[in-house]
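>
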Amino acid sequence: MNTRWNEKLRRNGFGWGLVLPSLLFLGMFTYYPMLKSAWLSLFEHNLAVRTPVFVGMDNYKALLHDPIFVEVFRNNIWFAVGTVPVSMALAFVMALFADKAIRGKGLVRIAFFYPNMIPMIAAASIWLFLYMPQFGLFARFASWFTGSEVNLLGNPDTVLGSLIVMTVWKEAGYFMIFYLAGLQQIPKDLYESASVDGIGVWTQQLRITIPLTMPTTLFVTVVAITNAFKWVDHLWMMTKGGPDHASSLLLYYIYETTFSFNDQGMAAAMTVVMIVLLLVISCFQFAGWERKIHYQ
Amino acid sequence: MKNAAELSLSATLRPEKAKQSLNRKFRSAKRRRMAGQALWHAIMLLFAAAWLIPLMWMLRNAFLPKDASIGAGWSWDFTLDNFSRVWQGAPFGQYMWNTLLVTSGIFAVQIVTLTLAAYAFARVAFVGRQFVFMLFLVQIMVPSDVLIFSNYQIINELVLLDTKIGIMLPYFASAFGVFLLRQAFKQLPYELDEAARVEGCSSLGILLRIYMPLSRPVYLSFAIVSISFHWNDFLWPLIVTNSPENRLLTVGLAMFAKSTEAGAQWTDVSAATLIVTAPMLIGFLLFQRQFISSFMHSGIKG
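From first to last, the protein sequence lines are chains P and Y. Residues in the first sequence are numbered from 1 upward in steps of one, following my numbering. Residues in the second sequence are numbered from 297 upward in steps of one, following my numbering.
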């Protein structure tokens, strides 16, 4: 009896000892900051109020009435709506193409995937020039259409769209990788027997490829949506959220509120909003994972 | 009705001709399919070419003399001046060294924490395993980007602002890596464990001599994903550092690009961008297959 207890104790100590280093770092930089943000979000603490004052939910109420926060939130929704479906659709088509045994396949994969290998800040500095009025390639192209000089990043109407185009360029190749993996798991004889039965290529994609890559689509959707709320480097480089907050996104606004306006209470409240948002998005994936198990 | 009857009659009467028309039908279908294929290839190759425009644009500007870049026309001039100017204008060598140090430091510590935790989740039945596993899931869902504000305060309280260790610390544990590795460990047969134990090998010895070597491909996948992520990371290193001695490549590039006057010096910025992106781009070009397969790997299981 005694030895069994000893064995149990030893095993538990060993197990906890093994996870402890990871748990320590995760605790310090994930769980503690989360709880701390939740706690701080209940206090007013900014340049005007040096010692924190408990205000309950007032910071959240203030967020709802902050026109900039509302605009930034709306921008972020539009940013997600603009980037997610387009980059996913492109990724799917790219994968169909890169999956086939054709000449130049390697080159095509490189062309689509390399944007993912370069830092967002570097991509942003390249695209800043592409969009630069008078000189930039895309700006020249746009002014050729409109007949007058175009400042794509300086105009509130075009700035978000311009950033969406860049993000799609950066991300589509990344999602292509997951679709490539998904395509390779589809048994090839399904296509062969479909061809023998005289089913056309389009119908094959519709009836075989799309349904069988559904788990991939679900996974990529979650990654793409969470990414849409995380991209921020390009704003620092290209627009600083401007003009007039037209291109600002949630995380960038948190950064600004923290480091430029020094409003810690509000920054904490926004952090909590983002955490909740991300947790809700991820939950969709868990719901989907259950379904994925059924498929297999 | 009449037509159909006629058709069948003609088919029986003149089998040769019917065969010919059928052949022609097949051939035209084949031709149509081939035309479709060609069109599809052309479109996608055009797409790939379009995707390369920003890279080409950067390359061209990086090697273009300053005054030629402002002209609207195409110029064949070629120079390396931009690189020497950039290299003197900002300590990019130092930045690169810092980035190398930080990314490899993070990865080195991660290997240790990952391996231990993954082994515990895969093979040790300890009380509270399910609960701790759920805790780990939370980190995957809430990435550290979102917590920059509180993490900054913690680094500040630890008096680690503007240090390399301050940049690295939040990434020393990776829940994502733990999941990846746990999956690999679980797939190894138990018999190996037992055999080693019979030989008198301890648990840690088994981990070191059997589990780690057999999971080398997974470590490689994680290495690629982790290193490319931290090599490219920007906002966190920007916040934590404020002196050139501790700045990373990405932050250095951003500072350099901001300090140059708008427009006039974009050949310099292109050269700087090329310096920053080159290591990852070259690595990717050389090991394209490994890169892509490790991203596939990590995606499916993550």
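Positions of the beta carbon are idealized from the N, C-alpha and C atoms, including for glycine.
Excluding the 5 residues flanking D244(P) on each side, which residues of the same chain have their C-beta closer than 8 Å to its C-beta?
If we look at D244(P) and ignore the five residues flanking it on each side, its Cβ neighbours are P156.
> What's the C-alpha gap between P485(Y) and Q586(Y)?
Cα to Cα, the separation comes out at about 26 Å.
> Answer with yes or no whether the minimum CB distance from D441(Y) to chain P is below 8 Å.
True, the Cβ-Cβ gap to chain P drops below 8 Å.
> Quick one: Cα of F417(Y) to Cα of R493(Y), how far?
Whole-angstrom Cα-Cα distance: 19 Å.
> Going by DSSP, what residue range makes up the alpha helix (DSSP H) through M166(P)?
M166(P) -> alpha helix (DSSP H) spans V159 to Q184.
> Going along chain P in order, which residues have a C-beta closer than 7 Å to the C-beta of Y616(Y)?
As shown, chain Y starts at 297 and ends at 598. That puts residue 616(Y) outside it, with no answer to give.
> List the DSSP bridge partners of V53(P).
According to DSSP, V53(P) bridges with E44(P).
> R425(Y) touches chain P at which residues, Cβ-Cβ below 8 Å?
Under the 8 Å cutoff, chain P gives G15.
> Per DSSP, what kind of secondary structure is F472(Y) in: helix, strand or coil?
Residue state, collapsed to three classes: helix.
> Output, in sequence order along the chain, the residues in the stretch 566-586 of chain Y whose CB is closer than 9 Å to any CB in chain P.
Taking 9 Å as the Cβ-Cβ cut-off against chain P, the residues of the stretch 566-586 of chain Y that qualify are S566, A568, T569, L570, V572, T573, M576, L577, G579, F580, L581, Q584 and R585.
> Kindly list the residues whose CB is nearer than 7 Å to the CB of I281(P), restricted to its own chain and excluding five residues on each side of it in sequence; keep chain order.
Correct list, in chain order: V222, I225 and T226.
> Chain P partners of A421(Y), CB-CB under 8 Å?
The answer, in chain order, is R11 and G15.
> Spell out whether any CB of chain P is found under 8 Å from the CB atom of S524(Y).
Yes, S524(Y) lies at the interface with chain P (some Cβ there is under 8 Å from its Cβ).
> Below 8 Å, how does it come out for the stretch 267-286 of chain P and the stretch 244-256 of chain P: are there three or more Cβ pairs, yes or no?
As far as the Cβ criterion goes, the stretch 267-286 of chain P touches the stretch 244-256 of chain P, which means the pair count is three or higher.
> G332(Y) to A338(Y), Cα distance in whole Å?
Computed Cα separation, rounded: 10 Å.
> Who are the Cβ neighbours of T213(P) in its own chain at under 6 Å, not counting the five residues just before and after it?
Only G182 meet the Cβ criterion.
> So, with DSSP's three-state summary, where would you put H298(P)?
Here chain P has residues from 1 to 296 only, and residue 298(P) is not among them.
> Suppose you measure from the CA of G242(P) to the CA of L277(P); what does that come to, to the nearest Å?
Going by the C-alpha atoms only, they are around 24 Å apart.
> Tell me, to the nearest whole angstrom, how far the beta carbon of W353(Y) is from that of L130(P); I am working on the premise that it is less than 8 Å.
Contact holds; Cβ gap of about 6 Å.
> Measure the Cβ-Cβ separation of P115(P) and A123(P) and say whether it is below 8 Å.
Contact flag set, yes.
> Measuring CB to CB, does M238(P) end up less than 8 Å from L153(P)?
Contact flag set, yes.
> Do the stretch 443-459 of chain Y and the stretch 544-552 of chain Y make contact, defined as three or more Cβ pairs closer than 8 Å?
No, because fewer than three Cβ pairs between the stretch 443-459 of chain Y and the stretch 544-552 of chain Y fall closer than 8 Å, the two stretches do not touch.
> Three Cβ pairs or more, each shorter than 8 Å: is that satisfied between the stretch 524-539 of chain Y and the stretch 103-110 of chain P?
Flag = no, the stretch 524-539 of chain Y and the stretch 103-110 of chain P do not touch.
> How many whole angstroms separate the CB atoms of T409(Y) and F468(Y), which I take to be in contact at a CB cut-off of 8 Å?
Indeed, because the Cβ distance is near 6 Å, the residues count as touching under 8 Å.
> Look at the Cβ atom of L190(P), then the Cβ atom of I208(P), and state whether they are nearer than 8 Å.
Yes, these two residues count as a Cβ contact at 8 Å.
> My parser needs the alpha helix (DSSP H) runs of 4 or more residues fully inside the stretch 85-167 of chain P; what are they?
Segments of the alpha helix (DSSP H) lying fully in the stretch 85-167 of chain P: 105-117, 120-130 and 137-146.
> Hey, how far is the Cα of I275(P) from the Cα of V434(Y)?
C-alpha separation (whole angstroms): 10 Å.
> Tell me the DSSP secondary structure of T3(P) in three-state form.
T3(P) falls in the helix class under three-state DSSP.
> Does V565(Y) come out as helix, strand or coil in the three-state DSSP assignment?
Helix, per DSSP.
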